[in-house]
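Residue numbers (full-length UniProt numbering): 1 to 371.
We put the beta carbon where it would ideally sit given N, CA and C, even for glycine.
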Amino acid sequence: MHCYLTVALKVRAMLSMQIYLDEQQDIKTTECECPRGACKCSHAAALFIHGIYHLSRADVECQWRKRKSHTSLSNQAVSELFPPPKRYCALSRAPTHAGRSTLYEDLKNYRNFTGLCWLLSPEPPVASKLPMPSIEEIIYSDEFPSSNRNSRAVGLFGLQFQARRGKIVRISEITVGQRNNPAWPIARRGRLTASNFGSILHAKRITPSLLKRLLGEYDLLRVKAIQWGVDNEGEAIRAFTLRTGKTIKETGIWFDSSGILGSFPDGIVDDETILEVKCPYTERNVTIEEVVKSKKFSLEKSESGQGYVLKKEHVYWHQVQGQMYFSPRKFCYFVVWTTKDVAILLIQRDDTWARNIPRLTQFTMTIYSQK
């Protein structure tokens, strides 16, 4: 059986085309009225391609009478009705421990700027047990006097702090790393530290806000100036190392013999010298030569005009003196770092400063006895 289809094409002029099919519905031959219709006519090929992509519903057998499925939704499992979404992975490969470590080290350069750095940081170790009771344990003990008999209170601290030198050194080793060490805030909490000595010695009266700051009840890391100093402490130490060639050893908190007062230098230089660095926020983008003209600045020109000295009336003077007494060391490298300059001073311990220690101890015990 031969079938043929007659189609009228509109190509500049109306053409009639015939397509012949065989019994298997395959194309057998074509005829077209165009000049090449009996030989090689491209009109037939164009018609075939058009027919493939432009089928009408009538060209497909019974599509409008498709039988419905007998499958009931009630017979399907929940997992079939609501298949789980495919697991999304932004990486073409599985993350590795080495990759996480590399990313964490890169993010550490931005410090607290990125929350992901905190998420990737390792869990802090469990705080080591200190070889001495905390301030709270002593104050809330039954032996602690509730009256203002401060001499008895100081004596109690002395009894709790026997084997003084060995314990002091041991605690300084346990608390190495300071803010990154979970034992450091435990040892520091409730104690008056060297950074606040000057505020007490210069204060005419102690206000409630000053009292909270002295006892560490404020989160000072929220203060821009404090955060700036913490973030750039490493830069200041590197600048000191490059200029002096000296190696810095990390250290923890150092107590006085009573265990009431404490200090935490930024590093140990040698058996006789500690390191304390300052990164002033207000003067961060100026040279030391420019900022030393300010009366509020911690440094001033030396009498010879060569170099700088730390003002003895400044709170930093009392801080470094307390650090040298408690460490114990004879000298302190005092470093002031800005983005434009760095100043390095060698400060010697002042033996007359020791008379301030009983006053600071008495002040602290007065506060606790009144709580």
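Measuring straight from C-alpha to C-alpha, what distance separates residue 182 and residue 175?
So the two alpha carbons sit approximately 8 angstroms from each other.
Output the boundary residues of the beta strand (DSSP E) element that contains residue 348.
Residue 348 -> beta strand (DSSP E) spans 342-348.
Taking only the alpha-carbon atoms, compute the straight-line gap between residue 391 and residue 284 and give it to the nearest angstrom.
Given a span of 1 to 371 for the chain in the structure shown, any question on residue 391 remains unanswerable.
How far does the beta strand (DSSP E) with residue 336 in it extend, from its first residue to its last?
First-last of the beta strand (DSSP E) with residue 336: 331-337.
Rounded to the nearest angstrom, how far is the Cβ of residue 235 from that of residue 337, given a contact under 8 angstroms?
Yes, they are in contact, since the Cβ atoms of residue 235 and residue 337 sit about 6 angstroms apart, within 8 angstroms.
Measure the alpha-carbon distance for residue 246 versus residue 268 and round it to whole angstroms.
Looking at the two C-alpha atoms, the distance is approximately 10 angstroms.
Just to confirm, is the Cβ distance from residue 262 to residue 191 under 9 angstroms?
Cβ distance < 9 angstroms, so residue 262 and residue 191 count as in contact.
Hey, which unbroken runs of the alpha helix (DSSP H) at 4 residues or more fall wholly within the segment 171-220?
Runs of the alpha helix (DSSP H) inside the segment 171-220: 183-188, 197-202 and 208-214.
Within 10 angstroms of its Cβ, does residue 259 collect 16 or more other Cβ (buried), or is it exposed?
Classification of residue 259: buried, given that the 10 Å Cβ count is 16 or more.
With DSSP as the reference, please indicate the residues paired to residue 278 in a beta bridge.
Answer by DSSP bridge pairing, in chain order: 336.
Using the rule of at least 16 other Cβ atoms within 10 Å of the residue's Cβ for burial, across every protein chain shown, is residue 364 buried or exposed?
By the 10 Å Cβ count, residue 364 comes out buried.
Just the C-alpha distance for residue 116 and residue 302, rounded to the nearest angstrom, thanks.
Each residue's Cα considered, the two are about 47 angstroms apart.
Please identify the residue among 22, 34, 27 and 314 whose C-alpha is closest to the C-alpha of residue 16.
The option with the nearest alpha carbon to residue 16 is 34.
Tell me, to the nearest whole angstrom, how far the beta carbon of residue 203 is from that of residue 342; I am working on the premise that it is less than 8 angstroms.
Their Cβ separation, rounded to whole angstroms, is 31 angstroms, which puts residue 203 and residue 342 out of contact at 8 angstroms.
Counting along the chain, where does the alpha helix (DSSP H) carrying residue 325 start and finish?
Taken as a continuous stretch (DSSP letters only), the alpha helix (DSSP H) holding residue 325 covers 315-326.
Per DSSP, which residues does residue 307 bridge with? Please list them.
Looking at the DSSP assignment, residue 307 forms no beta bridge with any residue, so it has no partner.
Quick one: what does DSSP say residue 240 is sitting in, helix, strand or coil?
DSSP places residue 240 in helix when its eight states are reduced to three.
Helix, strand or coil for residue 356? Go by DSSP, reduced to three states.
It is helical.
Express the C-alpha separation of residue 230 and residue 274 in angstroms, rounding to a whole number.
Rounded to whole angstroms, residue 274 to residue 230 spans 18 angstroms at the Cα level.
Does residue 253 pass the burial test, meaning 16 or more other C-beta atoms within 10 Å, or should it be called exposed?
When all chains shown are included, residue 253 counts as buried.
Please name the residue in 333, 205, 120 and 93 whose C-alpha comes closest to that of residue 106.
Comparing Cα-Cα distances from residue 106 to each of 333, 205, 120 and 93, the minimum goes to 120.
In the DSSP output, which residue or residues are listed as bridge partners for residue 301?
According to DSSP, residue 301 bridges with 308.
In whole angstroms, what is the alpha-carbon distance linking residue 304 and residue 288?
Those two C-alpha atoms are separated by around 17 angstroms.
Take residue 180 as the anchor and find which of 91, 256 and 251 has the nearest alpha-carbon.
Out of 91, 256 and 251, 251 has the C-alpha closest to the C-alpha of residue 180.
List the DSSP bridge partners of residue 255.
Answer by DSSP bridge pairing, in chain order: 262.
Tell me whether the beta-carbon of residue 318 lies closer than 9 angstroms to the beta-carbon of residue 201.
A contact, by the Cβ cut-off of 9 angstroms.
Return helix, strand or coil for residue 270, following the three-state DSSP convention.
Reduced to three states, the DSSP call for residue 270 is strand.
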